[in-house]
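Enquirer: Numbering (our numbering), first residue to last: 1 to 338.
Submitted below is the structure of interest, expressed as structure tokens.
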Amino acid sequence: MSNLAFGIDLGTGNIKIYFSGKDTITNEKNMIAITKKDNLFAYGDAAFDMFEKAPQNIKVSHPLVNGVIADIGHMTIVLREFVNELTDGRGAGADYYVSVPTDVTEVEKRAFYDLIKDSGLKPRKIMMTEKSLADGLGMGIDVKTSQGVLVVDVGYETTEISVLSLGGIVLSKLIKSGGRKFDDAIRSIVRKEFGLVIGEKTAEQVKVSLGSIEAAQEPAVVFGRDLVTGLPVERAIPTDLIDNTLADTASAIIDNIKLILERTPPELSADIYKHGIYLTGGTASLAHLDELIVKGTALKVNRSESPEECVALGLARIIKDHNFRSIAYSIAEMSEEV
Ligand SMILES: Nc1ncnc2c1ncn2[C@@H]1O[C@H](COP(=O)(O)OP(=O)(O)OP(=O)(O)O)[C@@H](O)[C@H]1O
Ligand SMILES: [Mg+2]
């Protein structure tokens, strides 16, 4: 019998864990709620529920910032709680496959390894995988044999744009833009045009439901605090106003896709032209984002069917299919490259 294994995609917004013992993916908010005395109060979706609502003595935060581990102590707690939940506290000796962004420093990459090693979870083996390769596998691409695959993963705080070929990464760029930037854009336009202060959660809800609101030809109804009177009010925001502001935010992502395309060797460009762009990450579901990318790049866009869980699905393939094991590497190999 093969050993128990976890495939871990630590996102800035969401933590996704593939667990071989149940063949499931857990997807919850990567958040922690801590009391003033530094005791764990809640983690995951339960911590998110308290976000923007918690009293002063409870601090709700994200252990990751811009795709890298910002608070290793908090990240360890969240990971350990989820692993213990999945295994009833009997997860010792499991194998860990962890995805990491490519365009970060070796120290930042190593922090993902150290997190597992020092977690107290007693791992048997820790393997790393570049996130974009796992994304490719998660979208059903045989990344080992495919040439010239452009993967764009638009997440919560980051967007990773990568060109893959023959099991490796030719180019990769991590930019600090993602779902959160779109939420911020909605908040600032509502403030500017309607004098209304809305929370991050409200802005995200508007963003996520934009497609269905537009289909119903209705405005986005939001609740917030009036800047002048300070009183809670309800306002109807026209969707074209939101569309325009989201298009502005998307343009930074599209400019970076073009930059990567300019740097791509011509033979690989030809492959990318044939296949189109592979769009994934939770924000791939954003209304009109695919159309804007098509318009900006003149390339076809293939949108992932499970954008948030795409990396975890790829890690699951690596764990289940020995043919893909070479996509993962051990930290020992990584140290040799340094
Ligand atoms: N239907 C939807 N429309 C628009 N955005 C969506 C939709 N569903 C999810 N999102 C957004 O996807 C983002 C989360 O995606 P994902 O889980 O891929 O990010 P992450 O992996 O946590 O972040 P990162 O990769 O940047 O570290 C959130 O900003 C969320 O609002
Ligand atoms: Mg992600």
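Glycine is no exception: its CB is placed at the ideal position from the N, C-alpha and C atoms.
Report whether the distance from the Cβ of Gly-11 to the nearest heavy atom of ligand 2 is below 6 Å.
Expert: Translated into the one-based positions of the sequence shown, residue 11 becomes position 11. Correct: Gly-11 has its Cβ closer than 6 Å to ligand 2.
Enquirer: Between Asn-14 and Tyr-156, what straight-line distance do the alpha-carbon atoms span, to the nearest angstrom?
Expert: By one-based count along the sequence shown, residue 14 stands at place 14. By one-based count along the sequence shown, residue 156 stands at place 156. Going by the C-alpha atoms only, they are around 8 Å apart.
Enquirer: List the DSSP bridge partners of Met-127.
Expert: What you label residue 127 is simply residue 127 of the sequence shown in a count that begins at 1. Looking at the DSSP assignment, Met-127 forms a beta bridge with Tyr-97 and Ser-330.
Enquirer: Kindly examine ligand 2 and report whether one of its heavy atoms sits closer than 6 Å to the Cβ of Gly-155.
Expert: Locating residue 155 in the sequence shown gives position 155, where the first residue counts as 1. Checking the Cβ of Gly-155 against ligand 2 gives yes.
Enquirer: Taking 6 Å as the cut-off, is the C-beta of Thr-406 nearer than that to any heavy atom in ligand 1?
Expert: The chain is shown from 1 up to 338; residue 406 falls before or after that span and cannot be answered.
Enquirer: According to DSSP, simplified to helix, strand and coil, what is Pro-266?
Expert: Within the sequence shown, the letter at position 266 stands for residue 266. Helix, per DSSP.
Enquirer: Using only the alpha-carbon positions, how far apart do Thr-74 and Met-31 sit?
Expert: Numbered from 1 along the sequence shown, position 74 holds the residue referred to as residue 74. Numbered from 1 along the sequence shown, position 31 holds the residue referred to as residue 31. According to the sequence shown, residue 74 is His rather than Thr. Going by the C-alpha atoms only, they are around 9 Å apart.
Enquirer: How far does the alpha helix (DSSP H) with Gly-73 in it extend, from its first residue to its last?
Expert: Taking the first residue of the sequence shown as 1, we reach residue 73 at position 73. Here the alpha helix (DSSP H) through Gly-73 covers 72-87.
Enquirer: Thr-105: buried (16+ other C-beta within 10 angstroms of its C-beta) or exposed?
Expert: Here residue 105 refers to the residue found at position 105 when the sequence shown is read from its first residue. Exposed is the call here.
Enquirer: May I ask you to report which of helix, strand or coil DSSP gives Leu-64?
Expert: Counted from its first residue, the sequence shown places residue 64 at position 64. Reduced to three states, the DSSP call for Leu-64 is strand.
Enquirer: CB of Ser-306 to nearest heavy atom of ligand 1: below 6 Å?
Expert: In the sequence shown, residue 306 corresponds to position 306, counting from 1. No - ligand 1 has no heavy atom lying nearer than 6 Å to the Cβ of Ser-306.
Enquirer: Return the bridge partner residues of Lys-16 from the DSSP annotation.
Expert: Position 16 of the sequence shown, counted from the first residue, corresponds to residue 16. The partner list for Lys-16 (beta bridge, DSSP) reads Asp-9 and Asn-27.
Enquirer: List the DSSP bridge partners of Asp-153.
Expert: The count along the sequence shown starts at 1 and reaches residue 153 at position 153. DSSP, once it has assigned bridges, lists Glu-160 and Thr-280 as partnering Asp-153.
Enquirer: Is Gly-281 near ligand 3, judged by its Cβ being under 6 Å from some heavy atom?
Expert: You won't find ligand 3 in this model; what it holds is ligand 1 and ligand 2.
Enquirer: Name the residue from Ile-8, Asn-3 and Leu-4 whose alpha carbon lies nearest to the alpha carbon of Leu-313.
Expert: Walking along the sequence shown from the start, residue 313 turns up at place 313. Of Ile-8, Asn-3 and Leu-4, the residue nearest in Cα terms is Ile-8.
Enquirer: Which same chain residues, not among the five before or five after Ser-251, have their C-beta less than 7 Å away from its C-beta?
Expert: Position 251 of the sequence shown holds residue 251. Counting only Cβ-Cβ distances below 7 Å, and skipping sequence neighbours, we find nothing.
Enquirer: Residues bridged to Lys-301 by DSSP?
Expert: Position 301 of the sequence shown holds residue 301. The question names Lys, yet the displayed sequence has Val at residue 301. Answer by DSSP bridge pairing, in chain order: Ile-277.
Enquirer: Report the rounded CA-to-CA distance for Lys-176 versus Thr-159, giving the unit in angstroms.
Expert: As a working mapping, residue 176 is identified with position 176 in the sequence shown. As a working mapping, residue 159 is identified with position 159 in the sequence shown. Their Cα atoms are separated by approximately 7 Å.
Enquirer: At what residues does the beta strand (DSSP E) containing Val-233 begin and finish?
Expert: Position 233 of the sequence shown, counted from the start, is the residue given in the question as residue 233. From DSSP, the beta strand (DSSP E) with Val-233 extends over 232-237.
Enquirer: By the 10 Å Cβ neighbour count, where 16 or more other Cβ atoms means buried, how is Lys-181 classified, buried or exposed?
Expert: Locating residue 181 in the sequence shown gives position 181, counting from the first residue. Burial call: buried.
Enquirer: Which value, in whole angstroms, describes the spacing of the CA atoms of Ile-25 and Asp-135?
Expert: Mapped onto the sequence shown, residue 25 falls at position 25. Mapped onto the sequence shown, residue 135 falls at position 135. One C-alpha to the other measures close to 15 Å.
Enquirer: Pick helix, strand or coil for Pro-294, following the three-state DSSP scheme.
Expert: In the sequence shown, the residue the question calls residue 294 occupies position 294. Residue identity check: residue 294 is Val in the sequence provided, not Pro. Three-state DSSP puts Val-294 in a helix.
Enquirer: Should Ala-284 go down as buried or exposed, given a rule of 16 or more other Cβ atoms within 10 Å for buried?
Expert: Here residue 284 refers to the residue found at position 284 of the sequence shown. Flag for Ala-284 reads buried.
Enquirer: Examine the Cβ distances between the stretch 104-120 and the stretch 141-153 and report whether three or more of them are shorter than 8 Å.
Expert: No: fewer than three Cβ pairs fall under 8 Å.
Enquirer: At a cut-off of 6 Å, is Val-208 close to ligand 1 when judged by its beta-carbon and the heavy atoms of the ligand?
Expert: The residue given as residue 208 occupies position 208 in the sequence shown. The answer is yes for Val-208.
Enquirer: Helix, strand or coil for Lys-37? Go by DSSP, reduced to three states.
Expert: Locating residue 37 in the sequence shown gives position 37, where the first residue counts as 1. Lys-37: coil per DSSP, three-state reduction.
Enquirer: For Lys-59, which beta-bridge partners are listed by DSSP?
Expert: Here the question's residue 59 lines up with position 59 in the sequence shown. According to DSSP, which records beta bridges pairwise, Lys-59 is partnered with Ile-34.
Enquirer: On a Cα-Cα basis, can you pick out the residue from Glu-308, Pro-307, Glu-291 and Ser-306 that is closest to Lys-300?
Expert: Residue numbering aside, residue 300 sits at position 300 when the sequence shown is read from its first letter. Checked all of Glu-308, Pro-307, Glu-291 and Ser-306; the closest Cα to Lys-300 is Glu-291.
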